[in-house]
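Asker: Residue numbers (UniProt numbering): 1 to 346.
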Amino acid sequence: MAIYTKTGDKGMTGLFDGTRVAKNSERVNTYGTLDELNAHLSVCEKLVRYPETKQILHNLQGLLFRLCAEVATMDQAKLTQHSTLISEADIKELESIIDRYTQLLPPLTSFIYQGNNLAAAELHVARTVCRRAERKLNGLRQGEPVRPTALAFVNRLSDCIYTLARMEDFIFYVDEVASKVMAKLDGAAESVPSAEGHTENEAAPVDEDQRLRRMAMCLLEGATAKSEAMGVPVVITVVDVHGNPVLTYRMADALLVSTDISAGKAYTAVALKCKTEALKEITQPGADLYQIESMVSRPLVTFGGGFPLTQRGKLIGGLGISGGTVAEDVAIGEYAMDYMEAKYGK
1 MAIYTKTGDK GMTGLFDGTR VAKNSERVNT YGTLDELNAH LSVCEKLVRY
51 PETKQILHNL QGLLFRLCAE VATMDQAKLT QHSTLISEAD IKELESIIDR
101 YTQLLPPLTS FIYQGNNLAA AELHVARTVC RRAERKLNGL RQGEPVRPTA
151 LAFVNRLSDC IYTLARMEDF IFYVDEVASK VMAKLDGAAE SVPSAEGHTE
201 NEAAPVDEDQ RLRRMAMCLL EGATAKSEAM GVPVVITVVD VHGNPVLTYR
251 MADALLVSTD ISAGKAYTAV ALKCKTEALK EITQPGADLY QIESMVSRPL
301 VTFGGGFPLT QRGKLIGGLG ISGGTVAEDV AIGEYAMDYM EAKYGK
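Structure (structure tokens):
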């Protein structure tokens with residue numbers, strides 16, 4: 001069957017419900033702009049680095065197909081016959097993405113350039129197309145019925161795309177900082193012989209100790225990059241499943257006391273097999289673990305910043321972050337964990 005029908009040669013086209021309208025009508029211009037936006041999101045999906053963003057962009061394309069079908073239906077009585085309408089739940093999902101990403105990103109203090117790498121720049125292009133689509137939709141509303149939910153969705157979508165662009169810029173920045181940190185560490189480790197007499201650059205079977213060490217270096221990359229972005233110097237500690245130190249790294253200007261606190265957080269996360277922030281409530285007077293600190297020989301930390309490390313459901317170590325406020329330590333640790341899990345899995 002030929003893709004061309006010749007029915008549009010005279011400047012008319014058929015809507016989703018069969019109605020014939022001019023190709024330059026407000027309705028066709030509106031869903032055409034939404035279609036343009038969808039094509040941009042497809043390009044963005046292929047360019048972005050962050051796996052979650054890639055999945056979000058894929059899902060957004062499906063939602064836009066639904067919205068295009070709705071806008072391409074003139075007969076309001078036939079809306080639900082021809083498409084699954086955008087709902088309040090779809091808007092809430094966009095807001096959830098925006099809120100979740102904003103918590104991971106450093107605060108904004110000024111206007112930002114529109115993309116420091118190709119993926120972020122293309123997302124900003126998509127954002128401006130989304131704003132144009134919103135203007136078109138509002139113009140269509142002046143003469144024809146448009147559901148308020150559809151308008152709210154497009155408004156929230158542009159905010160979501162903006163947030164995705166910021167995250168892509170941040171990932172780019174993280175990778176740059178991490179590569180600089182790793183270059184320094186690799187230079188120092190290059191000539192250090194292993195217990196078997198060969199250097200780190202030589203191939204060797206990966207055992208559990210080596211795997212944990214590599215995960216520790218990955219956690220260090222993520223934590224230092226996030227700390228740099230937040231402007232919060234911290235101490236990063238990784239311990240093995242027995243609570244023994246695997247890595248301790250103190251950033252310049254981090255508090256001296258943070259060295260002991262980060263080690264305590266990492267040990268506590270292993271000893272109690274949970275995040276240390278989860279201990280705050282259950283160690284209060286009258287709670288199940290009240291005064292547990294006095295019952296053990298090694299110091300425990302019962303506030304946020306300690307994270308158990310697992311691989312395929314098995315506890316293999318702990319991560320401790322100290323140097324900022326509790327909320328800052330938790331944010332840095334959570335980012336480092338996400339960064340590590342993206343490479344090694346859960």
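The C-beta atom is built at its ideal place from N, Cα and C for all residues, glycine as well.
Residues in its own chain within less than 7 Å of ALA342 by CB, not counting five upstream and five downstream?
Answerer: PRO51
Asker: On the CB-based measure, 16 or more other CB atoms within 10 Å of its CB, does residue 376 come out buried or exposed?
Answerer: Residue coverage of the chain in this structure runs from 1 to 346, which leaves residue 376 outside it and unanswerable.
Asker: One question on the structure: do GLU168 and VAL48 come within less than 8 Å of each other, judged by their Cβ atoms?
Answerer: yes
Asker: Only counting the same chain, and skipping five residues up and downstream in sequence, which positions put a Cβ closer than 8 Å to that of VAL141?
Answerer: This sequence places Arg at residue 141; Val is not what is there. Cβ within range, chain order: LEU151.
Asker: Going by alpha carbons, who is nearest to MET230 out of LEU309, LEU104 and ASN24?
Answerer: Selection LEU309, LEU104 and ASN24 evaluated against MET230 yields LEU104 as nearest (Cα-Cα).
Asker: Go ahead and pull the three-state DSSP assignment for TYR249.
Answerer: strand
Asker: For the putative contact between ALA266 and LEU319, defined by C-beta atoms under 8 Å, what is the C-beta separation to the nearest angstrom?
Answerer: Contact holds; Cβ gap of about 6 Å.
Asker: Can you tell me the Cα-Cα spacing of GLY333 and MET215, whole angstroms?
Answerer: Those two C-alpha atoms are separated by around 14 Å.
Asker: If you follow the beta strand (DSSP E) that PHE303 is in, where does it begin and where does it stop?
Answerer: Segment: none, PHE303 is in no beta strand (DSSP E) and carries neither H nor E.
Asker: Let's test the definition: count the other Cβ atoms within 10 Å of the Cβ of ARG100 and tell me whether it reaches 16, buried, or not, exposed.
Answerer: exposed
Asker: Measuring straight from C-alpha to C-alpha, what distance separates PRO233 and PHE153?
Answerer: 39 Å
Asker: So, for CYS274: in the same chain, excluding its five sequence neighbours on each side, which residues have a beta-carbon less than 7 Å away from its beta-carbon?
Answerer: A distance below 7 Å between beta-carbons, with the five flanking residues on each side excluded, links CYS274 to the following residues of its chain, in chain order: PRO308.
Asker: Using only alpha-carbon positions, find the residue among THR30, THR224, ILE56 and ILE316 that is nearest to CYS160.
Answerer: ILE56
Asker: Going by DSSP, what residue range makes up the alpha helix (DSSP H) through ILE316?
Answerer: It is not in any alpha helix (DSSP H) - ILE316 instead sits in the beta strand (DSSP E) that spans 314-322.
Asker: Distance check for LEU256 and ARG127, CA to CA, integer angstroms please.
Answerer: ARG127 and LEU256 have their alpha carbons spaced roughly 45 Å apart.
Asker: Looking only at its chain, what residues have a beta carbon closer than 7 Å to the beta carbon of GLU45, apart from the 5 residues adjacent to it on each side?
Answerer: LYS54, LEU57 and HIS58
Asker: Rounded to whole angstroms, what's the CA-CA distance from ILE261 to ARG298? Just pull it up for me.
Answerer: Just so you know, the alpha carbons of ILE261 and ARG298 end up roughly 12 Å apart.
Asker: What does a CB cutoff of less than 7 Å around VAL241 pick up in its chain, not counting 5 residues either side in sequence?
Answerer: VAL270, LEU315, ILE316 and GLY317
Asker: Would you list the one or two residues that DSSP bridges to ILE236?
Answerer: TYR249 and ILE321
Asker: Are the CB atoms of THR268 and THR283 within a distance shorter than 8 Å?
Answerer: no
Asker: Starting from GLN114, follow its DSSP beta bridges and name the residues at the other end.
Answerer: DSSP lists no beta-bridge partner residue for GLN114.
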